[in-house]
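J.: Sequential numbering of the sequence shown, starting at 15, is according to the working numbering. All C-beta atoms, glycine included, are put in the ideal place defined by N, C-alpha and C. As the structure is a computational prediction, the values presented were derived from the model and not from experiment. Before we start, here is the structure in question, set down as structure tokens.
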Amino acid sequence: MKKKLEFLHSILSKNDSMRNQFIEYCKPVEQTGKNPGEDEKISDRIASACNKLTDDLESLDFEEMDWRNYNPRHGGYIEDYEAYEYFAEDHLDVVFNTWKEKILLSINNGQIVTAVCACLGTYNACLSASINGSDDIFEDMTDTLLQKHKELLDGLITVFETTVKSDEQALQATSSVIDHYLSRYQGMKNYLKYFESLLISLIENKKTADHLIEKLLTSGIDESWLPKLTVKLFTFKEGNKAWIHKAEKFLYDDLDVARQLLTYYWIHDVISFMGHGKRLFQLHPDELCDFFRERLYPLLDREFFRDVLWHKTMRERDMELYKELRDFLDEEEKQRFIDGITYEIPFRVKVLEIEKKFEEILMLAKKDVEHTWHFTELITPVLNIYPDEVLELIRLKISFELTQSKKRSTYTRISNYLNLATRIAHKEAETRLLIHEIYNRKPALPALKDEMRKAGVVE
């Protein structure tokens, strides 16, 4: 015991943050008022934070901007509207980052209730603050401020979770959120949803969980408004039955709940995992693709495995994934996959190449030879399969480029096209003739000649 106390004393003496957390942990927390409604001290703290952030925000002036001490995000020319938007966003970031540091200091000092009140008060400020000139820059200033506040809050959640807090602190902090909702935002589901992650971060044991369950019940708050919190609270009940019951109730309402329950099913009930998993993947393929990719294998359900791999391959445009996927596709399905690649032409060409569908590649190259930005990717796989057609496409592409631009970058591309032409087998004479024609065209283009020499097309 003596050694443990010495170790504790050493930590507390060397770590200011830990020492302050320990002091706050041991303090008797102010009792909330006996009468229904929000505690006055809590209300005052929330109002103070609201007023201070409001003052900070309203001290900004986006009508008469002071550019003297402003450091732009980057050099070079930008449009005026972009400069104004960057100026405004950067000044908002300074304000919110300052407040984030203030709240972090409170958390690290163990002042959990003060920190929670600051989160609530600064939210209120975002709804009420009026900044001169903001309407000319932002479509909706309130939405912009709430986005900044959400970034601030998200950055604090992990700190709340990992900070040592007493049951009394957790009880008062969670009560502060619910009481403030009842006094100012009652009936507004989105307000509670906004602070759901904060409430979750404050709950660590059965005592605090049971208290919050009772608080929500007596406050008339429907548990379906906060599915993730509800499931978290019931995980502190004995056994798994209670939280599983709640999770099954909200399985299709919240993806975090879905992942939690599906993870349990994966270990304990594979039939339920597959049944609910397929339906959830159909509803939320982007969000759940990686989740199922990590857990499925062909012997479990070949079709489900293929569907997940198909979606991931299409999303990430990864040829290694396609090489795996193609073993699960028949020819008709391969063509359907290819037809689904509508915008990512380089990826489509790579898939066509591995499937040896060279005629389709040539058709793509011919379809938009003048305007495509992927000309090199299109013709490279078929250089020596359709040599006559490719050489003619290169001629057409160069001719078009020369009529459109006289920039160095254009001449660099042209030189690269000519380099590709030199790789066409049995077309050496025609290629030399084309190079000679481009190099000696009239009127002369010295910059083009220079780029051709640099590329090694001519000596």
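In its own chain, which residues sit with a C-beta less than 7 Å from the C-beta of residue 62, not counting the 5 before and 5 after it?
T.: 135
J.: Grouping DSSP H, G and I as helix and E and B as strand, with all else coil, what is residue 122?
T.: helix
J.: How should residue 328 be labelled, buried or exposed, when 16 other C-beta atoms within 10 angstroms of its C-beta is the threshold for buried?
T.: buried
J.: Could you say which of 241, 224, 381, 234 lies nearest to residue 252 if we only look at CA atoms?
T.: 224
J.: Can you list the alpha helix (DSSP H) stretches of 4 or more residues lying completely in the region 390–458, in chain order?
T.: 401–418, 422–435, 442–453
J.: Short of 8 Å in beta carbon distance, which residues of its chain neighbour residue 50, apart from the five on each side in sequence? Order them along the chain.
T.: In this prediction, residue 50 has a pLDDT of 42, which is less than 50 and means its spatial position is unreliable; nothing more can be read from the coordinates.
J.: State the Cα-Cα distance for the pair residue 48 and residue 132, rounded to the nearest angstrom.
T.: Model confidence at residue 48 stands at a pLDDT of 39, short of 50, so the residue's coordinates are unreliable; what they give is reported in the following sentence. Roughly 23 Å between the two C-alpha positions.
J.: Within the chosen definition, does the region 148–160 reach the region 177–197 through at least 3 CB pairs nearer than 8 Å?
T.: no
J.: Which whole-angstrom value is the C-beta distance of residue 288 and residue 319, which I expect to be below 8 Å?
T.: Actually they do not touch by this definition, with Cβ atoms about 11 Å apart.
J.: Taking DSSP's pairing of strands, which residues face residue 75 in a bridge?
T.: 146
J.: Runs of 4 residues minimum, wholly inside the region 146–205: which ones carry the alpha helix (DSSP H) assignment?
T.: 155–176, 181–198
J.: Since I believe residue 220 is in contact with residue 174 (beta carbons under 8 Å), could you give me their beta-carbon distance rounded to a whole number of angstroms?
T.: About 19 Å; that fails the 8 Å criterion.
J.: Work out the CA separation of residue 79 and residue 113 for me, nearest whole Å.
T.: 22 Å
J.: Would you kindly report the start and end of the unbroken alpha helix (DSSP H) that includes residue 230?
T.: Residues 220–232.
J.: Might you give, ordered along the chain, the residues of its own chain that have their beta carbon closer than 6 Å to the beta carbon of residue 166, omitting 5 neighbours on each side?
T.: Shown here for residue 166: same chain residues with a beta carbon closer than 6 Å to its own, the five before and five after excluded, namely 110, 114 in chain order.
J.: So what's residue 254 in DSSP terms, helix, strand or just coil?
T.: In this structure, residue 254 counts as coil in the three-state DSSP scheme.
J.: Quick one: is residue 312 buried, meaning 16 or more other Cβ sit within 10 Å of its Cβ, or exposed?
T.: exposed
J.: Less than 8 Å between the C-beta atoms of residue 428 and residue 412, yes or no?
T.: Yes. Within cutoff.
J.: Rounded to whole angstroms, what is the Cα-Cα separation between residue 261 and residue 116?
T.: Cα to Cα, residue 261 sits roughly 36 Å from residue 116.
J.: Can you tell which of 240, 232, 358 has its C-alpha closest to the C-alpha of residue 208?
T.: 240
J.: Counting along the chain, where does the alpha helix (DSSP H) carrying residue 7 start and finish?
T.: In this structure the chain extends from 15 to 473, so residue 7 is not present and cannot be described.
J.: Residue 369 and residue 348 - do their beta-carbons sit closer together than 8 Å?
T.: yes
J.: Is it true that the CB of residue 391 sits closer than 8 Å to the CB of residue 365?
T.: no
J.: Taking 6 Å as the limit between beta carbons, can you name the residues of its chain near residue 74, skipping five residues before and five after?
T.: 105, 145
J.: Can you tell me whether residue 316 is buried or exposed, with buried defined as 16 or more other CB within 10 angstroms of its CB?
T.: exposed
J.: Run through DSSP, which three-state label would residue 385 get?
T.: coil
J.: Buried or exposed, going by whether 16 or more other CB atoms sit within 10 Å of the CB of residue 28?
T.: Note on residue 28: pLDDT 42, under 50, position unreliable in the model; the coordinate value appears next. Residue 28 should be labelled exposed.
J.: Using only CA atoms, which one of 277, 355, 138, 323 lies nearest to residue 13?
T.: It is not possible to answer for residue 13, since the shown part of the chain is limited to 15 through 473.
J.: Would you report the Cα separation of residue 197 and residue 232, rounded to the nearest angstrom?
T.: 14 Å
J.: Residue 471 lies in the alpha helix (DSSP H); which residues open and close that run?
T.: No alpha helix (DSSP H) contains residue 471, which DSSP labels as neither H nor E.
J.: Mapping DSSP to helix, strand and coil, what is residue 262?
T.: Assigned with DSSP and collapsed to three states, residue 262 falls in helix.
J.: First and last residue of the alpha helix (DSSP H) that includes residue 291?
T.: 284–297
J.: State the Cα-Cα distance for the pair residue 396 and residue 460, rounded to the nearest angstrom.
T.: 32 Å
J.: Using CA coordinates, which residue listed in 255, 54, 472, 188 is at the minimum distance from residue 454?
T.: For residue 454, the nearest C-alpha among the options comes from 472.
J.: In angstroms, rounded to a whole number, what distance separates the CA positions of residue 22 and residue 238?
T.: Because residue 22 sits at a pLDDT of 47, beneath the cut-off of 50, its placement in the model cannot be relied upon, and the following sentence gives the value as read from the coordinates. One C-alpha to the other measures close to 43 Å.
J.: If you measure between the beta carbons of residue 410 and residue 383, is that distance less than 8 Å?
T.: yes
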